[in-house]
Each structure stands twice: as structure tokens, then as C-alpha cells.
Amino acid sequence: MTRTAVAPEREPAVRKAAPGGAPAPRRSGRRRIALPYLLLLPALLLELLVHLVPMLMGIGMSFKELTQFYIRDWSAAPWAGLDNFAVSIDFDAPVGQALLKSFLTTCLFTVLSVALCWFLGTAAAIFLQEEFRGRGFLRTLFLVPYALPVYTAVITWAFMFQRDNGLINHVLHDQLGIGDSPAFWLIGDNSFWALLVVSVWKGWPFAFLTVMAGLQNIPRDMYEAASLDGAGVLQQIRHITLPSLRPVNQILVLVLFLWTFNDFNTPFVLFGEAAPEAADLISLHIYQSSFQTWNFGTGSAMSVLLLLFLLVVTGVYLLLTTRGRKTSDV
Amino acid sequence: MSENALRHTGRAPRRTARARGRTARRSPMAAPRSFLWTRRIFLTLLTTFVLLPVFVMVSSSLKPLEDVSGKFRWIPSGITFRPYLDIWETVPLADYFVNSIVVAGAATVFSVVVAIFAAYGVSRYDFRGKRVFTVTVLSTQMFPGILFLLPLFLIYVNIGNATGIALFGSREGLVLTYLTFSLPFSIWMLTGYFDSIPRELDEAAKVDGCGPVKALFRVIVPAASPGIIAVAVYAFMTAWGEVLFASVMTNDTTRTLAVGLQGYATQNDVYWNQVMAASLVVSVPVVVGFLLLQRYLVAGLTAGAVK
């Protein structure tokens, strides 16, 4: 099909589509229908190969008794029905108990981390909204934790948390005199807080970046009008800034939640393959229990449960936060 | 509003930033003293928090070994550049460096090109399944990496057995994996960016006889270059920093920095000054690159995320 044959029809079609986003008429030639699909094809194939097919395989594997004997040919593994799931959620047995503990730890960790990241990011963005000396410098500086590769940042924190030669104990114990003896941070109960600090340090700049972008879309005259009406700074933040950020926050909190809940890198680099029980996040827990026992069937079942949980939470979250305000088209 | 975003970010981000500052200074948020003090205290604390690890990294990398093995010292007993020479000997850091650069670089290039095509399709055409596509692609962000790590490993091994294309343990396999990690976010952000470019521009090009693909590269890509830079930065950082797949899918010759750097820690004695020196050397290229290009990322987020 030649271009000239289509051209006369294409023009009005697009003009019609432009303002309202109404679909262009479909009858204007096969090539025109195929084109968007061709443009999407590479992305689609890649996502299929690396994400979607493996995910479906993972779901399939969760119904199999997949031990190390079947790694080379996983399809030969015997079907296990729901056994893997039954083992995973049998909270009276050690495997289920450990999974539940890890899940609850991850929930608490995620709530705290997301709340702190959001708070720091939003506060910093609001404080940097107005021009003052050093504002540009701080803005750049605050992005450093985000720009650092996860592993170098976490390794540095691991050094700071060392019991005998780390900075944290030097400050807390030697200089401030807290505690009778230097505390362990990377083993035992303290490890939860160590992990939280690292996670917040690494995560808050993303909130800062996003909120900052969101703030730029609030028209200045809204503040002007508010201040003419006698609204103070706090009232302006409460009644203009925060409501205007709602759509940004909706996505931001969701993304932070999913990233934090699935975070593998931070605990893996901080603690190595075996995290202390107090900081045993679910991703690392599943990884560890899969590779320790080489029982990939159970590991897959746990991952599927995790995915289901995230799906439900995301669905409920979007439903709750979208209700009452107009749904913007994605 | 979206056209505004383009004008602000596309042409001269720096100048508009300054202009924005000027209006802000005149802004009526004439802040009371309590607000200024809160701001001062908050920003000081936050700066300390942010800088603490940076300080530790830089200062420890210049310390002699006894300073980092014993109690932490704020002020080193002496300054030495030895760690910066030793890091290349203790582990094959240069090899890891090359692997990381090749993998992250290739993943970035492919990811950006694929994302440009996909975002163009989503932004400029209406077709059946568009919503399904965007939702599916975005939702892959949600999958726990651990769920598809194992199946992907099996797929790569089987492809290798069947066709002889080595994906497992090779750089190619890692490139393929990483480029899909940044793809969803890149498509989403670029779609927003392309949407903010007036359709009249590419229509005009088409009237002049450009095909759709030519119009994309002649008109849209140049106009969206800040967004494309932002997406490239994001893709590079994603690939440079990934740990989970790197630790499973590489071998001794293809190991990337993400795994290689942990080599210092598994030695019997941890040479913390070397670890810090290596961390710094590894971080500097990305951090500097990111900070130079960060305004594009902010601009890209403004156009893509905040519509």
C-alpha cells in the first residue's frame, strides 16, 4: 500500500482524533492498523520473555514437586497439587511459621519505611519550594543517595554499623555514652532498625524528587490568593500544597510500597545471604529458603502468595484512593 | 499545562528554573520566623543524615588500614592514597568495571530505543488493547523479582541448550534482563512526554511527506530529548545498581561490580579502606552523571508523572 493512497484519509482522521482523543476510524488500511502494534512489538516480546512467561512458569512451578533432581528438566517434576501452598501457610509447622514471621516483619518494615520516606521527601520538597541561598546546592545534594548504586551505599552503611570499628557505635557508645557495651547492629534485634535506617536513607530522595516535580505544577497565584485571604504558611501547606499533591502522592506511595516490600538488594548486601531473624524481609527469605533446600516448588508457591498479596493490596488501595476523585486516564 | 511543561523543560530548563526562583522570591508565602527556623533545623539535620555515609566513604578511603580496623576516627592519623592503588589488585576490579559498563551501556541503549517506539505507539495511536498493554507492562513493575528469577534462569539455560545462544552467565543475558527492568517506567514516562508535544508538529511533518517512523525521529525525538535523556539516566542507573540477578546470572568472567564489590568483604580480613575506595570509584561516574543530568529527570517526571 502506498503512502499517497492513505494520505488523504489520514489527515482528517487524525484531526478528529486530536482534540477529544476519539479513536481514529479503523477502516483506513491494514498498514495503519498494524503500525501501532509493530511499534509495540519489541517491548511486548521482551516483556513476554523476561517477565510474563517466567511469571506464568513460576506459577506452574508452584504446583510441582520441584527439587534439585528436576532442575534440568522441570517439566518432568511430579505434580504436587496444592501441597506447596499447604506447606507455606501451615503456620504450626516451622516453614509456615518462619514465612509468617518474615511476612509480618516485612509489613512493619514497609509501613515504617514508606511513611518516613514520604515524610522526609515531602517536607524537604516543601522547604525547598521557595528560593533562598543554598537551595540549588541542597536540591542536588539530596539526590546523592538516590544516585549512588545501592550496593556501594549499603556497603558503606554496613561499615558504619560495624560493632568495633563503625561510626555509629563510636558516636553512640564512646562519645555519647549510651549503653554498657557497644551494640551489635547487623545481628540480633537491632538489625531491624539498622535496615530501616539504610532503607529510608536510600529511599526518601525518590519521594523528594517526585514531590518536587509535583509542586512545580501548582500555580503560584493560588498561594497569592490564599495569602491575600490571610492564610498563614501552615494553612497554605494544608489547604493548597497537600491537596494539590494528592494525585502525585497516590502513585508515589504505591510505588514506594511495592519497591520496599519487594526489596531484596538492601538486606542482601547489608547482611549477606542469611539475614538475622529480626530483619528477615520476605524476598530474601524466599530466596534463602529456595536455595538452601533447593526446593523451588515451595519457593515458587511462596512467591505466588506474595504476588497475590501485592495484587490485592494494590487493587484495594487504588479503589480506595481513586474513589471520590475523578479517575484520570492512565 | 502539559504544553507548559514542554516549554519549561524542553528548551532552557536552567533559565526557567532561575525565572521560577525569581517569582518564588516575590511570592507571598512571606514566611514567619518560626517557619524559617523549622526549615533551617530540618534541613541541617537532613543534610547531616545524607552526608554522613558520604563522609565515611571519602574519609575512610584515604585512611591507613589501622585507622579502619580499630575504633572509628573522625580525623585520620594520616592520609594515604594506597587504597586506591590496592583495590585493583585485591579483586579484578577493572574486569568488573568493564563488564558493568558494557552491560549497563547496552541495556540503556536498547531499552531507550524500544521505549521510544512503544511510547510513540501509545501516545499517537488508538488501537484495540492499548489499555491492556499499558496496564500489563506497568504491572510487571510489581512482580517480586524472586518470582521470575528461577524460571528465567531455566529459560536461559534451555535456550542455551536448544540453540547454542549462551544467555545464562553471559553479558548478553544480563543485558536482555536489565533492559526490561527499566522498560515499563521508561515507556510510561516517555508516553507522558510525547503527549505533551503538540500533534500538529508530527502532522506537519507527515504532510511534508514523512512516514510515521520518520516523523518520530525527525520531530518527536528531538523535541522530547530531555525526556529521553532522563529515561536513559534511569535505565543506566537501574542496570548499574542491580544485585539479585547479577549474583545468580554471572560467572567469574562476566561478574559485574554489583557482585564483584562484595569480594572485598568475603576475604578473611576486611580491608575497609579499600572497600570504601572501591565504592567511591564505582559510584563517582554514576553520581556525577546523574547530578549533571538530574534536571532532565525532574523535568521528565514533571511531564510524565504529574499530568
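Those sequence lines, one after another, are chains G and H.
The first sequence lines up with residues 16 to 345 when you count with my numbering.
The second sequence lines up with residues 1265 to 1571 when you count with my numbering.
Note that beta-carbon positions come from the ideal geometry of N, C-alpha and C, so glycine has one too.
Keep in mind it's a predicted model, so treat the numbers as computed, not measured.
Check                                                                                                                                                                                                 : Outcome
Give a yes or no on whether the C-beta atoms belonging to F106 (chain G) and Q112 (chain G) are separated by under 8 angstroms.                                                                       : yes
Please tell me whether Y332 (chain G) has its Cβ less than 8 angstroms away from any Cβ of chain H.                                                                                                   : no
Might you give, ordered along the chain, the residues of its own chain that have their beta carbon closer than 8 angstroms to the beta carbon of A1430 (chain H), omitting 5 neighbours on each side? : G1424, E1436, G1437
Can you check whether the C-beta of P258 (chain G) is within less than 8 angstroms of a C-beta belonging to chain H?                                                                                  : no
Compute the Euclidean distance between the alpha carbons of R1519 (chain H) and S1511 (chain H), then round it to the nearest angstrom.                                                               : 8 angstroms
What does a CB cutoff of less than 6 angstroms around L296 (chain G) pick up in its chain, not counting 5 residues either side in sequence?                                                           : T121, P282
Between which residues of its own chain and S1291 (chain H) is the CB-CB distance below 6 angstroms, once the five residues before and five after are set aside?                                      : Confidence at S1291 (chain H) is low in this model, with a pLDDT of 49, below 50, so the placement of that residue should be treated as unreliable; the coordinate-derived value is given next. Correct list: empty, nothing qualifies.
Does any CB atom of chain G fall closer than 8 angstroms to the CB of R1303 (chain H)?                                                                                                                : yes
Sort H:L1447, H:F1432, H:P1549 by Cα distance to S1364 (chain H) and report the nearest one.                                                                                                          : H:P1549
Does the separation of the CB atoms of L269 (chain G) and Y332 (chain G) fall below 8 angstroms?                                                                                                      : yes
Would you please state the rounded distance, in angstroms, between the beta carbons of F1374 (chain H) and Q1405 (chain H)? I believe it to be under 8 angstroms.                                     : At roughly 18 angstroms, the Cβ-Cβ gap does not stay under 8 angstroms, so F1374 (chain H) and Q1405 (chain H) are not in contact.
Pick out whichever of H:F1445, H:S1460, H:V1485, H:T1455 has its Cα sitting closest to the Cα of W1504 (chain H).                                                                                     : H:F1445
So which residues on chain G does S1333 (chain H) lean against when the C-beta distance must stay under 7 angstroms?                                                                                  : N180
Only counting the same chain, and skipping five residues up and downstream in sequence, which positions put a Cβ closer than 7 angstroms to that of S1324 (chain H)?                                  : V1332, W1536, N1537, M1540
Helix, strand or coil, according to DSSP, for K79 (chain G) in the structure here?                                                                                                                    : strand
Against L1416 (chain H), what residues of chain G qualify as contacts under a CB-to-CB distance less than 7 angstroms, listed in chain order?                                                         : V65, P69
Using a C-beta cutoff of 8 angstroms, does F283 (chain G) count as contacting chain H?                                                                                                                : yes
Specify, as a first and last residue, the run of the alpha helix (DSSP H) that L64 (chain G) falls within.                                                                                            : From DSSP, L64 (chain G) is part of no alpha helix (DSSP H); its letter is neither H nor E.
Tell me the residue span of the alpha helix (DSSP H) that contains C1474 (chain H).                                                                                                                   : Segment: none, C1474 (chain H) is in no alpha helix (DSSP H) and carries neither H nor E.
Comparing the C-beta of M237 (chain G) with each C-beta of chain H, is any distance below 8 angstroms?                                                                                                : no
If you measure beta-carbon to beta-carbon, which residues of the stretch 106-130 of chain G are closer than 7 angstroms to chain H?                                                                   : none
Just the C-alpha distance for A1494 (chain H) and N99 (chain G), rounded to the nearest angstrom, thanks.                                                                                             : 43 angstroms
Give a yes or no on whether the minimum CB-CB distance between N205 (chain G) and chain H is below 8 angstroms.                                                                                       : no
Going by DSSP, what residue range makes up the alpha helix (DSSP H) through Y1417 (chain H)?                                                                                                          : Here the sequence assigns Phe to residue 1417 (chain H), which means Tyr is not the residue at that position. Element bounds for F1417 (chain H): 1409-1427.
Report yes or no: do the stretch 146-163 of chain G and the stretch 229-236 of chain G share at least 3 C-beta pairs separated by less than 8 angstroms?                                              : no
Since S1387 (chain H) and T1455 (chain H) are thought to touch, with beta carbons under 8 angstroms apart, how far apart are those beta carbons, to the nearest angstrom?                             : 5 angstroms
So, with DSSP's three-state summary, where would you put W94 (chain G)?                                                                                                                               : strand
Going by DSSP, what residue range makes up the alpha helix (DSSP H) through D1573 (chain H)?                                                                                                          : The structure shown does not extend to residue 1573 (chain H), since chain H is modelled only from 1265 through 1571, so no value can be given for it.
Do you know whose CA, among H:P1415, H:F1432, H:I1492, lies nearest Y85 (chain G)'s CA?                                                                                                               : H:P1415
Relative to the C-alpha of V1439 (chain H), which candidate in H:A1368, H:P1347, H:R1346 has its C-alpha closest?                                                                                     : H:A1368
Which partner residues does T1514 (chain H) have in the DSSP bridge list?                                                                                                                             : H:G1433
Looking at the structure shown, is W309 (chain G) part of a helix, part of a strand, or coil, going by DSSP?                                                                                          : coil
By the criterion of Cβ-Cβ separation under 8 angstroms, what are the contact partners of W172 (chain G) in chain H?                                                                                   : P1317
Quick one: is A251 (chain G) buried, meaning 16 or more other Cβ sit within 10 Å of its Cβ, or exposed?                                                                                               : The question names Ala, but residue 251 (chain G) in the sequence shown is Gln. By the 10 Å Cβ count, Q251 (chain G) comes out buried.
Does chain H have any CB closer than 8 angstroms to the CB of P291 (chain G)?                                                                                                                         : no
On a Cα-Cα basis, can you pick out the residue from H:K1327, H:L1544, H:V1523 that is closest to E288 (chain G)?                                                                                      : H:V1523
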